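Asks: Chains as they are written, first to last, in the working numbering: chain S, 338 to 562; chain X, 338 to 562.
The beta-carbon is built from N, C-alpha and C at its ideal position, and this holds for glycine as well.
Every value quoted in this text rests on a predicted model; they were computed, and no experiment measured them.
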DNA sequence: CAGAATGTCTAGCGCTGCTAGGATGTCGTC
DNA sequence: GACGACATCCTAGCAGCGCTAGACATTCTG
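1) So, with DSSP's three-state summary, where would you put residue 484 of chain S?
2) Report the residue from X:512, X:377 and X:530 whose alpha carbon sits nearest the alpha carbon of residue 479 of chain X.
3) Pick from S:410, S:384, S:389 and S:496: whose alpha carbon is nearest that of residue 468 of chain S?
4) Taking C-alpha atoms, which residue in X:486, X:519 and X:522 lies nearest to residue 407 of chain X?
5) For residue 355 of chain X, which of X:405, X:454 and X:368 has the nearest alpha-carbon?
6) In whole angstroms, give me the CA-to-CA distance for residue 493 of chain S and residue 461 of chain S.
7) Under 7 Å, Cβ to Cβ, is there at least one residue of chain S near residue 523 of chain X?
8) Please classify residue 532 of chain S: does DSSP put it in a helix, a strand, or coil?
9) Assuming residue 476 of chain X and residue 403 of chain X make a contact with CB atoms under 8 Å, what is their CB distance in whole Å?
10) Would you list, in chain order, the members of the segment 522 to 544 of chain S that have their beta-carbon closer than 8 Å to a beta-carbon of chain X?
11) Pull up the CB-CB distance for residue 518 of chain S and residue 552 of chain X, whole angstroms please, since I reckon it's below 8 Å.
12) Output yes if chain S places a C-beta closer than 7 Å to the C-beta of residue 402 of chain X; else output no.
13) Residue 497 of chain S touches chain X at which residues, Cβ-Cβ below 9 Å?
14) Between the alpha carbons of residue 345 of chain X and residue 388 of chain X, how many angstroms are there, rounded?
15) Since residue 400 of chain X contacts residue 524 of chain X with CB under 8 Å, what's their CB separation in whole angstroms?
16) What do you reckon, are the CB atoms on residue 547 of chain X and residue 515 of chain S nearer than 7 Å?
17) Residue 546 of chain S CB to nearest chain X CB: under 7 Å?
18) Tell me which residues of the segment 486 to 519 of chain S have at least one Cβ-Cβ distance to chain X shorter than 8 Å, keeping chain order.
19) I'd like to check one pair, residue 360 of chain S with residue 372 of chain S: are the Cβ atoms closer than 7 Å?
20) Just verifying my parser: in three-state terms, what is the DSSP assignment at residue 507 of chain S?
21) Buried or exposed, going by whether 16 or more other CB atoms sit within 10 Å of the CB of residue 384 of chain S?
22) What does the alpha-carbon distance come out to for the pair residue 430 of chain S and residue 545 of chain S?
23) Please confirm whether residue 414 of chain X and residue 526 of chain X have their CB atoms less than 7 Å apart.
24) List in chain order: all unbroken alpha helix (DSSP H) runs of 4+ residues lying wholly within the segment 355 to 388 of chain S.
25) Output, in sequence order along the chain, the residues in the segment 467 to 478 of chain X whose CB is closer than 9 Å to any CB in chain S.
26) Look up residue 489 of chain X in the DSSP assignment and say whether it is helix, strand or coil.
27) At a CB-CB cut-off below 7 Å, which residues of chain X make contact with residue 552 of chain S?
28) Assuming residue 464 of chain S and residue 541 of chain S make a contact with CB atoms under 8 Å, what is their CB distance in whole Å?
29) Determine the burial state of residue 417 of chain S: buried for a count of at least 16 other Cβ atoms within 10 Å of its Cβ, exposed for fewer.
30) What are the start and end residues of the alpha helix (DSSP H) that includes residue 396 of chain X?
31) Assuming the contact rule is C-beta atoms closer than 8 Å, residue 472 of chain S and residue 543 of chain S should be a hit. Round their C-beta distance to whole Å, please.
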């Protein structure tokens with residue numbers, strides 16, 4: 338009643354992970370339309386119905402991949418923001434992240450070394466995330482989902498990711514949630530239009546630069562109350 | 338060899354339109370996942386294979402719907418921009434459009450009555466279009482397509498719609514194409530995230546206002562060279 | 001060791017996009 | 001007016017999809 342069942346439970350959890358990562362890999366390699374229950378089952382070396390003993394259906398598998406993604410995105414953005422606020426370096430990839438904290442949205446909005454610098458770093462990190470893992474990004478933000486976004490049942494990692502944008506603005510700024518929504522929308526638009534070839538992927542850096550300049554540089558920029 | 342064949346050709350064209358509008362109506366009523374070749378065939382009162390004598394496949398039907406949409410969007414944006422540049426009224430719907438010209442991108446960038454007013458009108462019209470015809474909008478900008486966007490084979494109505502954004506900026510502004518891309522991306526992000534419930538649809542107006550203020554109000558706004 | 005319970009698989013349902021092949025009707029020509 | 005040629009359209013069916021019922025095997029319980 339105990340040791341054996343524990344082993345079984347462990348194996349079950351392991352297989353659960355196996356399914357999720359297999360789905361993700363398959364999607365990343367060949368796109369979500371190639372992710373069928375049959376191919377997925379073959380890949381994890383079980384029969385089809387096993388999938389349904391772990392998930393309510395294919396959509397639930399996609400959702401599980403998406404939730405993984407939310408956690409990774411939040412961590413990615415957080416690293417970028419902290420690196421930008423601590424050192425003064427304006428650009429790109431932090432070498433080793435200083436903190437990898439689990440509690441999502443701590444130390445809100447400590448003033449950036451230079452106005453808009455944190456925002457720029459977070460935005461860049463967001464686009465980087467979207468372009469480097471297009472299928473994962475699609476699962477999170479494009480494919481139809483029944484995940485609640487701006488509500489009480491919002492998964493914490495999702496809220497945490499959003500808060501990374503919010504925290505780029507002055508905590509006294511009452512409209513910073515609104516700002517974050519607009520920034521996020523713009524980044525999402527750029528990411529998805531570029532991914533589907535609707536705007537030239539080449540200009541992404543320039544577009545980002547313009548966006549940040551406009552948002553950060555003026556009347557109600559990140560550090561203005 | 339003539340009159341009868343002409344009639345046949347007319348009927349064929351008519352049926353072509355019938356299929357496209359049926360697909361669009363069905364999608365608008367029940368979403369694109371409800372648009373199957375069988376249901377579509379039933380709706381136009383022909384058998385399934387007839388669809389394939391008009392289109393290369395289901396994707397081609399969606400594309401046809403999208404192309405219709407591009408034309409309508411361009412006209413919609415154009416009306417909004419002209420109404421805003423001629424009268425000085427800042428808000429909403431023009432009563433009767435003055436011109437419905439076919440040549441897409443005429444009279445570029447005549448100065449707005451007030452800086453950013455044309456831009457605001459066009460942006461508002463864009464979001465209006467997207468929210469009132471969500472399925473059509475999806476066909477145009479969300480569903481996978483093999484339409485060429487920023488290239489030589491870009492369908493003229495599509496280019497025309499984009500130019501409505503470009504023309505909101507000063508013609509001497511070398512970066513106005515870039516600005517238009519960013520504006521468009523932001524609007525697209527807002528439209529699609531709101532439609533899929535990922536940001537609250539209620540705040541759309543406020544977000545738009547913030548976006549316009551930031552883009553139009555500063556360093557490289559619409560009327561600045 | 002018998003019986004219950006659990007886990008997994010085979011087989012199949014109704015649906016999808018798409019197509020081959022035969023039936024039907026219309027055409028130009030004798 | 002009859003006839004072969006042609007175009008048009010439909011019935012029937014294929015392979016693949018998400019998903020599930022029921023048989024089978026294995027393992028645990030008394």
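Replies: In short, the structure shows the following:
1) Coil, per DSSP.
2) Cα-wise, what sits closest to residue 479 of chain X is X:530.
3) S:410
4) X:486
5) Here the closest residue by C-alpha is X:405.
6) Rounded to the nearest angstrom, the gap between the Cα atoms of residue 493 of chain S and residue 461 of chain S is 22 Å.
7) Residue-level contact by beta carbon holds for residue 523 of chain X and chain S, with a gap shorter than 7 Å.
8) helix
9) 4 Å
10) 522, 523, 524, 525, 526, 527, 529, 530, 533, 534, 535, 536, 537, 540, 543 and 544
11) At roughly 16 Å, the Cβ-Cβ gap does not stay under 8 Å, so residue 518 of chain S and residue 552 of chain X are not in contact.
12) When Cβ-Cβ separations below 7 Å define contact, residue 402 of chain X makes no contact with chain S.
13) Within chain X, no residue comes near residue 497 of chain S; the closest Cβ sits about 15 Å away, beyond 9 Å.
14) 16 Å
15) So it is not a contact: roughly 22 Å between Cβ atoms.
16) It is a contact, given that the beta carbons lie within the stated cut-off.
17) no
18) 486, 487, 512, 515, 516, 518 and 519
19) Going by C-beta atoms, residue 372 of chain S is nearer than 7 Å to residue 360 of chain S.
20) coil
21) Per the 10 Å Cβ criterion, exposed.
22) Below a pLDDT of 50, predicted positions are generally treated as unreliable, and residue 430 of chain S, at 43, falls in that range; the measurement from the model is reported next regardless. Taking the straight line joining both Cα atoms gives about 16 Å.
23) Annotated as distal: residue 414 of chain X and residue 526 of chain X, with beta-carbon spacing of 7 Å or more.
24) 374 to 381
25) 478
26) coil
27) The answer, in chain order, is 551.
28) 6 Å
29) Its Cβ being crowded by 16 or more others within 10 Å, residue 417 of chain S is buried.
30) 395 to 423
31) The pair is not a contact, with the Cβ atoms about 26 Å apart (cut-off 8 Å).
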